[in-house]
Amino acid sequence: GKPAAPGVNAAGGSLERVRADPEGQPLTTNQGVRVSDNQNSLKAGLRGAALLKDFVLREKITHFDHERIPERVVHARGSGAHGYFECYEPLSSLTQASLFAEAGKITPVFVRFSTVAGERGSKDTARDVRGFAVKFYTDEGNWDLVGNNMPVFFIQDAMKFPDLVHAVKPEPHHAMPQAASAHDTYWDFVSLMPESTHMLMWQMSDRAIPRSFRMMQGFGVHTFRFVNAQGESTFVKFHWNPKLGTHSLVWDEAVKISGADPDYNRRDLWEAIESGAYPEWELCVQAFTEEQAEAFSFDVLDATKIVPEELVPLQPVGRMVLNRNPDNFFAETEQVAFCAAHVVPGIDFTNDPLLAGRIHSYVDTQITRLGGPNFHELPINAPLAPVQNNQRDGMHRQAIHRGRSSYEPNSLGGGCPHQAGTQGFVSFPEPIHADEVRGKPEKFAEHYNQAALFYNSQTEAEQRHIAAAFRFELSKVTVPAVRRRVVSMLRNASEELAAEVAQGLGMELPEAMPRALAKTPKPEVEVSPALSLTA
Ligand code: HEM
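Residues 98 to 632, numbered by the UniProt record's numbering, are exactly what the sequence shown covers, in order.
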């Protein structure tokens with residue numbers, strides 16, 4: 098491949114300003130006062146009491162006392178890297194997003210891979226979903242594509258996310274088990290939530306134990322919109338395909354590695370980048386019209402469904418290379434704040450009800466995790482595009498705003514920026530004619546076709562791995578009724594799998610779970626022509 102673009106990987110140079118390297122310099126306090134002795138506290142005599150006026154000791158200890166911040170409420174364990182995105186061809190017919198404007202255009206990125214359920218210090222090789230979050234520092238603001246390594250999700254509506262996570266996390270009385278998918282509460286919840294069947298197939302498959310972050314696909318999961326300069330919108334799904342191919346561990350390897358090297362995936366990513374073996378992914382899109390979407394048997398607003406590639410082919414639009422390790426884990430990987438609401442002109446949301454919750458959740462949680470509303474000023478989060486608005490103050494403000502005013506409308510001037518009109522982000526004007534309701538559209542009620550599609554797409558060996566995973570995880574479940582419910586759900590996706598799991602657990606095959614839809618829509622097989630990406 099091409100040589101890695103040098104110099105574009107430090108968030109466009111904005112991090113250069115704050116990179117500290119005091120090797121060999123005199124040690125100082127935080128006030129810049131040189132410290133004479135960093136080994137001994139100030140005492141009233143060599144065997145006497147320590148003195149309160151020892152501001153050097155007190156500052157050192159006080160700062161240490163506050164070193165920890167809350168870990169992420171989910172995705173606490175992660176590993177990051179810098180790199181760049183390179184656009185293949187202008188996508189102007191579909192999107193005005195500036196990162197897709199020219200062939201060869203380079204946009205700096207920071208990426209964080211993560212597990213979902215484990216704590217910050219948990220093992221890398223747990224059976225779990227992996228986060229795949231990309232921050233594009235585009236010249237028109239930051240775009241965060243906060244995805245996973247599986248293309249679907251457990252639930253269809255954000256209303257259930259806190260319940261899902263409470264069921265997945267260790268049980269509240271004794272804080273066990275750390276293994277998300279091996280306990281009563283988890284299987285209880287998913288067995289009462291048949292919409293999770295498709296995701297369970299992925300989670301019990303080898304996809305849930307990736308060999309390397311470098312060998313993992315990424316997915317935006319939701320249907321998003323591209324919007325072009327004429328204001329026309331196209332639905333889009335995002336896929337990252339690793340140049341090294343998609344590879345997994347097998348369960349026995351994962352179990353052994355968990356003990357021998359809990360940092361297995363983190364170490365692999367770090368060492369590959371240190372040695373110049375820069376990992377690379379191709380960004381592909383599935384672009385389709387609203388009319389096409391209406392004809393699908395599933396709803397494209399339902400995050401438990403993929404758009405099969407037989408219906409809409411993947412089209413490569415660019416590549417991403419990770420070519421620099423962070424200088425400091427805390428400052429970069431821990432303090433980075435991704436948010437599903439961070440979009441740029443040319444990219445917009447759909448009404449996926451899961452996405453709606455995410456648009457709210459990220460900045461909200463980060464206000465707690467990162468201590469106030471100004472974490473967008475942290476170097477790793479700061480956009481390369483200029484930030485100028487009338488938001489003021491708050492804990493730990495860095496910017497020193499000049500002038501007398503911070504309001505609009507404003508006839509006095511004095512430091513105010515002005516709204517950009519059509520030059521700014523304009524939300525896609527989707528027509529709305531609706532009653533306020535809770536509930537879901539009819540197509541959201543079919544839960545098994547794509548679970549079957551996934552299981553049937555696996556090789557024989559992979560299918561045996563899925564069955565073994567269900568058996569192992571369910572063998573940890575102590576409530577027979579919960580096991581029965583899971584197997585009864587599986588019968589709707591694969592009789593073969595359900596039978597194998599039941600047999601492994603030494604139980605009778607239960608009745609199949611009643612389907613929410615009496616007659617399930619037939620999945621399509623027709624191939625639609627690819628939409629033209631370029632003008
Ligand atoms: C992290 C909420 C669904 C991918 C997080 C965090 C929260 C959250 C609160 C921690 C953020 C932080 O402290 O910085 C939610 C909610 C969801 C949801 C409310 C559904 C309603 C999803 C889905 C995906 C996803 C569907 C994948 C498409 C991620 C990733 C991270 C994350 C990758 C880690 C980001 C990082 O590396 O810092 N989510 N999430 N989440 N979420 Fe979600």
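All residues carry an ideal CB built from backbone N, CA and C; glycine is no exception.
V170 counts as exposed, since fewer than 16 other C-beta atoms from the protein chains shown sit within 10 angstroms of its C-beta.
Per the C-alpha coordinates, the member of Q122, F197, R535, P607 positioned closest to A578 is P607.
In the structure shown, F522 adopts coil according to DSSP, grouped into three states.
Buried is the label assigned to E377, since at least 16 other Cβ atoms lie within 10 Å of its Cβ.
Looking from the CA of G328, the closest CA among Q275, G500, I444 belongs to I444. Rounded to the nearest angstrom, the gap between the Cα atoms of V265 and D285 is 10 Å. The residue from A453, P470, L451, L452 with its alpha-carbon nearest to that of V460 is P470. The stretch 320-334 makes no contact with the stretch 567-586, as fewer than three CB pairs between them are under 8 Å. Put simply, of R114, D151, D118, K140 the residue whose alpha carbon is nearest the alpha carbon of V132 is D151.
A Cβ-Cβ distance of about 19 Å is found for the pair F233 and M313, leaving them out of contact under the 8 Å criterion. Between G415 and the set Y185, Q389, V231, P538, the nearest pair of CA atoms involves Y185.
Within 7 Å of the C-beta of F258 there is at least one heavy atom belonging to the ligand HEM. For the pair P307 and L124, the Cα-to-Cα distance works out to about 43 Å. Using a 10 angstroms sphere on the CB of F161, the tally of other CB atoms stays under 16, which defines it as exposed. When DSSP states are grouped into helix, strand and coil, L242 belongs to the strand group. Excluding five sequence positions before and after A194, the CB atoms of its chain that fall closer than 8 Å to its own CB belong to L188, T235, E237, W240, F323, V441, P442, G443, I444, given in chain order. Annotated three-state conformation of F567 is helix, per DSSP. Excluding residues up to 5 positions away in sequence, C513 lie with their Cβ nearer than 7 Å to the Cβ of N507 in the same chain. Taking the Cβ atoms as the reference, A496 lies roughly 7 Å from E474, within the contact range of under 8 Å. Contact check for E570 against A279 passes: the beta carbons are separated by less than 8 Å. Listed in chain order, the non-local C-beta contacts of C381 below 7 Å within the same chain comprise H336, N338, L411, Q412, P413, V414, local neighbours out to five positions each way being set aside. For I464, the enclosing alpha helix (DSSP H) stretches over residues 450-466. Per DSSP, reduced to three states, the secondary structure at P291 is helical. For the pair E379 and K340, the CB atoms are nearer than the 8 Å cut-off. Taking all protein chains shown into account, F197 has 16 or more neighbouring C-beta atoms within 10 Å of its C-beta and is therefore buried.
In the structure shown, F472 falls within a helical segment according to DSSP collapsed to helix, strand and coil. F321 has its Cβ no nearer than 7 Å to any heavy atom of the ligand HEM. Separation of the CB atoms of Q275 and G215 is rounded to 6 Å, and the pair is thereby assigned contact status at 8 Å. Around the Cβ of F427, a 10 Å sphere holds fewer than 16 other Cβ atoms; the residue is exposed. Ranked by Cα distance from A453, the first of L398, G201, E429, E431 is L398. Q389 is bridged by DSSP to nothing; it lacks a bridge partner. One alpha carbon belongs to G180, the other to V206, and they sit about 5 Å apart.
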